[in-house]
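In the working numbering, the protein residues as written are 133 to 626.
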């Protein structure tokens, strides 16, 4: 029996070793340190020291609410140019979410003009500009743009974006995202983490580290810009993210960038279970689909060996990574999230309804399928209530459950933003703005909002602001029309 993914704030996937190349983790760590002039004898004792060590050996770019870190030797890689452009798109989308208008609303004219000038420069000059930046330096603070209008364009765009993102980002909060363009740099950096953080060495020196598609250390998200080539026997071999989907790389960066921006904009105001949901929603808004491999069922049961889930270390996102399936796709991914997974959710809901005798409860159940699809398991909601932490799912159904939870959160957030009421876009904007500007937890709200949230054992900024915005709780032990999850389920069943 394995605990539900909702029960833990972070998980990483470990794959049992396959025959082939055996990594020398210590040697790879040494190669990274030599290439980046890091003293092997320095062992950071706290997060601030580790952050300073990594930042001091990286090239940085401040983009809105994200501090992008790059290895100097690969900073000008073509994949970085695509990533930079995508991160601009993610910020503009977030700004549209937090303003009381339609999600597709246009940028203010001056900001749109600034973006147009930036795009022209990025295509022609970003790579060469990054090549001029020394380790430990930030792009715009160290490179003369030689064009006052371009410098003003960046100032105008960043200023508007940071104001729109909310109080935390406007006040200087930044989420940190490290992008490593090649598999070689990603694996070497992961091995360096194992050297620098001895207490986490078992994590970063895992036998399967060469296959991971993302990892976290402390509050920094780290991602390669290529998947590992399946069964290559060479940790530097790559499987380009655009191989099966022309937008694969940009979607991956959008997901990682959105998660990072949400970290900065909402901080502790966001319930961790919704960070991934919002990020997937952002990818679908930008590309009309989501074909990323970072969340959901992160096992690879046809290309990389037998997989098992391993809980990350205590402290949430302090450590861990994920390995994507390469060819083993679930029924939930058949349409790549088009229409916010609603068709798949309704199909699973309809399947389950045939097994539920109580007509009033039929819309509250979903049908899971085992690996291979031979068996079925009926599960009942809620899936957004704290009580779900105690839910156990049989091992054969864990993969399908992980995929369903991913789809369920996206579908719920789409409904909340676009379908929950006539003024749902404006309500959603007010909700996100309240989260972004939430004061300390004990002062987050008063009176009825706290009382209603407390009734559901959830007094925190997220739950309090849900009630303050929508006048009802997020969920209940038995979802009904008196909570948001209950209303979503009834709408889904129509």
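From the three backbone atoms N, C-alpha and C, an ideal C-beta is built for every residue, glycine too. Owing to the predicted nature of the structure, the values given are computational and were not obtained by experimental measurement.
Considered as a whole, the region 299–341 harbours 307–312 as its complete beta strand (DSSP E) runs of no fewer than 3 residues, in chain order.
The Cβ atoms of residue 401 and residue 544 lie no closer than 8 Å to each other.
Residue range 508–512 is occupied by the beta strand (DSSP E) that includes residue 511.
Looking at the backbone, the Cα of residue 163 and that of residue 320 are separated by about 7 Å.
Shown here, residue 350 sits in coil according to DSSP, grouped into three states, outside any helix or strand. The Cβ neighbour count for residue 307, taken over all protein chains shown within 10 Å, is at least 16; the residue is labelled buried. Here residue 317 has 203 and 206 as same chain residues with Cβ atoms under 7 Å from its own Cβ, once five neighbours each way along the sequence are excluded. Taking 8 Å as the cut-off, the Cβ atoms of residue 496 and residue 611 count as close. Contact annotation, residue 360 with residue 371: C-beta distance approximately 6 Å; criterion of less than 8 Å satisfied. Unbroken beta strand (DSSP E) stretches of 3 residues or longer found wholly inside the region 139–225: 143–147, 191–195 and 198–202, given in chain order. In this structure, residue 599 keeps its C-beta atom at 8 Å or more from the C-beta atom of residue 393. Contact between residue 390 and residue 464 does not hold, since the beta-carbon distance rounds to 20 Å and is not under 8 Å. Excluding the 5 residues flanking it on each side, residue 498 has same chain C-beta neighbours closer than 7 Å at 480, 481, 484, 511 and 536, in chain order. Here residue 285 is buried, its C-beta having at least 16 other C-beta atoms within 10 Å. Between residue 215 and residue 357, the gap from beta carbon to beta carbon is short of 8 Å. Boundaries of the alpha helix (DSSP H) harbouring residue 286: 280–297, taken from the DSSP string. For residue 480, the enclosing alpha helix (DSSP H) starts and ends at 474–485. In the structure shown, the three-state DSSP call for residue 559 is helix. Looking at the DSSP output, residue 371 sits in a beta bridge with 359.
Taking a cut-off of 8 Å on C-beta distances, the region 611–625 touches the region 545–552, as three or more cross pairs fall below it. Looking only at 489, 228 and 274, the smallest Cα-Cα distance to residue 418 is reached by 228.
Taking a cut-off of 8 Å for Cβ pairs, the region 237–246 and the region 159–179 do not touch, as fewer than three such pairs fall below it. Rounded to the nearest angstrom, the Cβ distance from residue 558 to residue 178 is 43 Å, too far for a contact under 8 Å. With 16 or more neighbouring CB atoms inside 10 Å of its own CB, residue 427 falls in the buried class. In the structure shown, residue 614 adopts coil according to DSSP, grouped into three states. Looking at the backbone, the Cα of residue 377 and that of residue 529 are separated by about 28 Å. Collapsing the DSSP output to three states places residue 500 in a strand.
Beta-bridge annotation (DSSP): residue 270 is paired with 192. A Cβ-Cβ separation of about 12 Å leaves residue 597 out of contact with residue 616 under the 8 Å criterion. Sorting 283, 487 and 624 by C-alpha distance to the C-alpha of residue 475 places 624 at the top. The residue from 170, 416 and 301 with its alpha-carbon nearest to that of residue 186 is 170. Assigned with DSSP and collapsed to three states, residue 377 falls in coil, not helix or strand.
Straight-line measurement puts the Cα of residue 199 at about 14 Å from the Cα of residue 300. For residue 267, the closest of 491, 191 and 565 by C-alpha to C-alpha distance is 191. Excluding sequence positions up to five before and after residue 210, its CB lies less than 6 Å from no other CB in the same chain. The C-alpha of residue 398 is placed about 8 Å away from the C-alpha of residue 564.
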